[in-house]
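Quick notes on the structure that follows.
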Amino acid sequence: MNWEFWKQRKVLITGHTGFKGSWLSLWLQSHGVPLVGYALQPPTQPSLFDLARVGDGMVSIIGDIRDPNQLQAAFDQHQPEIVLHLAAQPIVRLSYAEPVETFQTNVMGTVNLLEAARKTDSVRAVVNVTTDKCYLNREWFWGYREDEPLGGHDPYSSSKACSELVSAAYRTSFFQPQDRVRLATARAGNVIGGGDWAQDRLVPDILQALMAHRPPEIRAPNAIRPWQHVLDPLHGYLLLAERLWTEPDLAEAWNFGPYETSAQTVGYITHYLSRGWGFDRPFEQSHGQHPHEANYLKLDSSKAHARLGWRPRFDLHATLDLIIAWYQGLQKGQDPRALTLHDIETFESIQESLT
Ligand SMILES: NC(=O)c1ccc[n+]([C@@H]2O[C@H](COP(=O)([O-])OP(=O)(O)OC[C@H]3O[C@@H](n4cnc5c(N)ncnc54)[C@H](O)[C@@H]3O)[C@@H](O)[C@H]2O)c1
1301 MNWEFWKQRK VLITGHTGFK GSWLSLWLQS HGVPLVGYAL QPPTQPSLFD
1351 LARVGDGMVS IIGDIRDPNQ LQAAFDQHQP EIVLHLAAQP IVRLSYAEPV
1401 ETFQTNVMGT VNLLEAARKT DSVRAVVNVT TDKCYLNREW FWGYREDEPL
1451 GGHDPYSSSK ACSELVSAAY RTSFFQPQDR VRLATARAGN VIGGGDWAQD
1501 RLVPDILQAL MAHRPPEIRA PNAIRPWQHV LDPLHGYLLL AERLWTEPDL
1551 AEAWNFGPYE TSAQTVGYIT HYLSRGWGFD RPFEQSHGQH PHEANYLKLD
1601 SSKAHARLGW RPRFDLHATL DLIIAWYQGL QKGQDPRALT LHDIETFESI
1651 QESLT
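If you number the sequence shown the way the numbering used here does, the last residue is 1655 and the count never jumps.
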């Protein structure tokens, strides 16, 4: 990353009170980047946003992405140059309970965001963060490429595919290469790291159980999922935004997936974290009805490797070890902001060996 470039840019992050937004905000703050955040209150209690005092290092606006007027007022007042759009209702199971709110936030929220970018002369680069779940899941073994058909079985996945389609329409209608705004979308999978308290996500559920000295309860121990440290896709989003500034032909969709060896079963992850924590009782399998969740969907990130020089830096074990250390540090009373900045420094110390 060219931090001299970033220090001179005014950056607006939506969803800065969330898990990924908090990591991203702290990372940019650690390099002195002028930052504005726009989001609802932190979605969990506790939250990394509060514990790590993320709001102290930026202008933090509590606002709803579904409210176009409030969003436009934030753009008018702060005149951002780069916009990183992370605000969303991101939980599959919640999207079954609240489909209307999920579509409103994830689809009309994207429309409102792109309208604000269109109407604000300062904006030059926008990265819309969607997900690997935006692809039509054909339940096959091969990695999905950026030009595969979109789909989505559940309301969350479908809403993110819609967000991709909205972005594609804005690109062809308003944000052509000769125009001011360059808009890219970024698709990554499950991310994990310290400081996540979201409900119905495996790693937060396991860590909460371990911190409470009870065996983790898991739904599908044999389900294979790809796991990725939160910093790896964030690195991809930043590289992409930086390069969009000067390279309009990068304004398209991008995959940022983990190494193939980072796909492991839920049971494996649970064992590894429990053992690392020093907890030797086996996990418990929860029974009962669970709504449909798509099987493992693999991303083909060859394009990001070849054209951006992006590669994951943390493998699965490094990622899980960092998570154990983060939560154990928290239990010992260490400062969550310092724990998070420590992981960011570790990430930055790894050279991009293959680029
Ligand atoms: N965490 C993952 O594993 C993962 C995987 C793939 C994609 N993503 C995507 O990354 C982004 C961030 O995810 P996260 O895990 O940090 O989620 P999160 O729930 O921790 O944070 C979501 C953020 O969006 C904000 N938000 C929600 N509704 C809003 C609204 N109506 N108006 C304004 N702000 C609103 C919340 O306040 C919060 O700041 C999302 O777009 C999500 O779909 C996450």
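Ideal placement from N, C-alpha and C gives every residue a C-beta, glycine not left out. Computed from a predicted structure; not experimentally measured.
For residue i and residue j, what's the separation of their Cα atoms in angstroms?
i: residue 1309; j: residue 1528; result: 28 Å
i: residue 1494; j: residue 1486; result: 22 Å
i: residue 1339; j: residue 1394; result: 18 Å
i: residue 1642; j: residue 1624; result: 14 Å
i: residue 1360; j: residue 1534; result: 20 Å
i: residue 1565; j: residue 1474; result: 43 Å
i: residue 1333; j: residue 1417; result: 20 Å
i: residue 1406; j: residue 1466; result: 10 Å
i: residue 1599; j: residue 1538; result: 19 Å
i: residue 1559; j: residue 1612; result: 7 Å
Could you check which residue in the options has the C-alpha nearest to that of residue i?
i: residue 1484; options: 1608, 1429, 1346, 1507; result: 1429
i: residue 1346; options: 1534, 1469, 1499; result: 1499
i: residue 1616; options: 1579, 1479, 1563; result: 1563
i: residue 1336; options: 1470, 1305, 1374, 1304; result: 1374
i: residue 1476; options: 1425, 1460, 1453, 1443; result: 1425
i: residue 1516; options: 1636, 1567, 1630, 1404; result: 1567
i: residue 1579; options: 1510, 1627, 1639, 1537; result: 1510
i: residue 1364; options: 1314, 1501, 1631; result: 1314
i: residue 1391; options: 1586, 1357, 1349, 1459; result: 1459
i: residue 1480; options: 1508, 1420, 1613; result: 1420
i: residue 1350; options: 1497, 1366, 1456; result: 1497
i: residue 1383; options: 1445, 1423, 1397; result: 1423
i: residue 1445; options: 1370, 1586, 1552, 1626; result: 1552
i: residue 1645; options: 1307, 1316, 1628, 1328; result: 1328
i: residue 1536; options: 1638, 1492, 1610; result: 1610
i: residue 1584; options: 1355, 1561, 1596, 1571; result: 1571
Give the DSSP-derived three-state secondary structure of residue i in the structure shown.
i: residue 1393; result: helix
i: residue 1691; result: Residue 1691 is absent from the structure shown; the chain starts at 1301 and stops at 1655.
i: residue 1365; result: coil
i: residue 1557; result: coil
i: residue 1399; result: helix
i: residue 1385; result: strand
i: residue 1404; result: helix
i: residue 1360; result: strand
i: residue 1568; result: helix
i: residue 1639; result: helix
i: residue 1372; result: helix
i: residue 1377; result: helix
i: residue 1304; result: helix
So residue i is in the alpha helix (DSSP H); what residue range does that whole segment cover?
i: residue 1533; result: 1531-1544
i: residue 1313; result: No alpha helix (DSSP H) holds residue 1313; the beta strand (DSSP E) holding it covers 1311-1314.
i: residue 1417; result: 1409-1419
i: residue 1650; result: Segment: none, residue 1650 is in no alpha helix (DSSP H) and carries neither H nor E.
i: residue 1502; result: 1502-1511
i: residue 1455; result: 1455-1473
i: residue 1600; result: Segment: none, residue 1600 is in no alpha helix (DSSP H) and carries neither H nor E.
i: residue 1322; result: 1319-1329
i: residue 1626; result: 1616-1631
Starting from residue i, trace the beta strand (DSSP E) both ways and give me its first and last residue.
i: residue 1565; result: 1563-1565
i: residue 1339; result: 1335-1339
i: residue 1524; result: 1524-1526
i: residue 1431; result: Neither: residue 1431 is in no beta strand (DSSP E) and is coded neither H nor E.
i: residue 1487; result: 1482-1487
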